[in-house]
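Here is the structure we will look at.
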Amino acid sequence: MPIKSTINYIYKKGLSFLNQIKPLKKQKTVVLLYHNISEQFELQMRYLKNNYRVVSLEVLLLADGSYENLAVVTFDDGYRNNYDIAYPILKHLSIPATFFLSSCYIDSGDSKYMTWDMVREVATSGIISIGNHTHSHRLLNTLNKATQADEIKLARQRLEDMLRCKITSFAYPYGQKKHYTDDTIDIIREDGYICALSAFSKTIEMPINNRYEIPRIPMDGVDNIMEFEVRLSVLWSTIRWNLLQKN
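First residue of the sequence shown: 1, per full-length UniProt numbering; consecutive thereafter.
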C-alpha cells in the first residue's frame, strides 16, 4: 500500500494526530532510509536532533536494552544530492550517517550519482560510513546463491579497493522480505558483515535481536514535518507493518 494511502487510512480511522502521536513518538528506536531527499531535509534533521539521540549505525549495534529513543540516518544507492545537499547539512549538524552504495552506479559516470572522488570525501569526513548495496542493485530473490554472492562480493571488493576501508554493513536492494532469500542472509553472515538492513518500515525494540534484518523507515516523498513525525511514530509503524503484510 502506498505511503499516502497509509496516512489516509490513519485519518479515516478517526485518529487524532496530536493525541495519538505525541505519547508514542519517543518510545522506540528508528532507522531512517533516504534515497533522494526533499527540500525539507534540513528541517527533518533538526527535528530528529531535537527529539532523538542521533547515533551512527555502529553505535546502534553496540547499544543494549537500556537505550531508547535512538535514531540512525541511512541513504541508499549513492545519489548525487546525497553529496550536494544532504552531506553539508549532516556535517553542519554533526549528524552521523551511513551511505549504502551500489558500486556499478558509482562506476557509471551518470551525473545523478556521486563520483568516486565524492565518495572518498564523505568516507573520510568522520561522520559518514559506507556500506554495501550490491554491485548492480538486482533483485536478489531472482538469483541463485552463487550469483547473489558474486553481486555482494564484487561490490565489497570495489568499495574497499577504491576507498581503502573495510566494508562491514549491508543493505538489501528494494528491502522487503520478498526481495531476498535465506541464501542472501547466509552469504552476509558467512562474509563477516556485522549487520544487514531492510526496508520493513518498523520501529526497533532494543536491544537488536536480529542484526541481519534491521528495519528502516522509508522517508522518500515526505514533504512536511507533520508527515515526518507521523512516520517516526510507533502508531505509524504498527499500522504500516500490518498493512504491508496484507499486500
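Think of the CB as a built atom: it goes at the ideal place given N, C-alpha and C, for glycine as much as any other residue.
**Report entry** His135 burial status per 10 Å Cβ neighbour count (16 or more: buried)
**Finding:** buried
Query - 8 Å Cβ cutoff, Ser125 in contact with chain D - result: Annotation note: the requested chain D is absent from the structure, which comprises a single protein chain.
Query raised in the report: Quick one, which of Leu62, Tyr87, Asp183 and Leu57 has its alpha-carbon nearest Asn36's?
Result: Tyr87
Query raised in the report: So, do the stretch 203-218 and the stretch 59-68 have three or more beta carbon pairs nearer to each other than 8 Å?
Result: yes
Requested in this report: Could you tell me whether the stretch 117-134 touches the stretch 87-107, where touching means 3 or more Cβ pairs closer than 8 Å?
Outcome: yes
Requested in this report: Pull up the distance between the alpha-carbon of Ser56 and that of Ser169, whole angstroms please.
Outcome: 12 Å
Query raised in the report: Going by other Cβ atoms of all chains shown within 10 Å of its Cβ, with 16 needed for buried, is Asn224 buried or exposed?
Result: exposed
Query raised in the report: Just curious, the beta strand (DSSP E) that Leu33 is in, first and last residue?
Result: Val30 to Tyr34
Report task. Go ahead and pull the three-state DSSP assignment for Met226. Result -> helix
Query raised in the report: Apart from the five residues on each side of it in sequence, which residues of its chain come closer than 6 Å, Cβ to Cβ, to Phe200?
Result: Pro215
**Report entry** Beta-carbon contacts of Glu151 that lie in its chain and below 8 Å, excluding the five residues immediately before and after
**Finding:** Thr134, His135, Ser136, Arg138, Leu140 and Leu143
Query raised in the report: So who's on the other strand from Arg189, going by DSSP bridges?
Result: Note: Arg189 sits in no beta bridge, so no partner.
Query - Residues that Arg53 bridges to, as DSSP identifies them - result: Leu70
Query raised in the report: Relative to the C-alpha of Asp191, which residue among Leu163, Gln157, Ile204 and Pro218 is closest?
Result: Gln157
Query raised in the report: By DSSP, does Cys104 sit in helix, in strand, or in coil?
Result: helix
Query raised in the report: Distance, Cα to Cα, residue 308 vs Pro218?
Result: Since the first and last residues shown for the chain are 1 and 247, residue 308 lies out of range.
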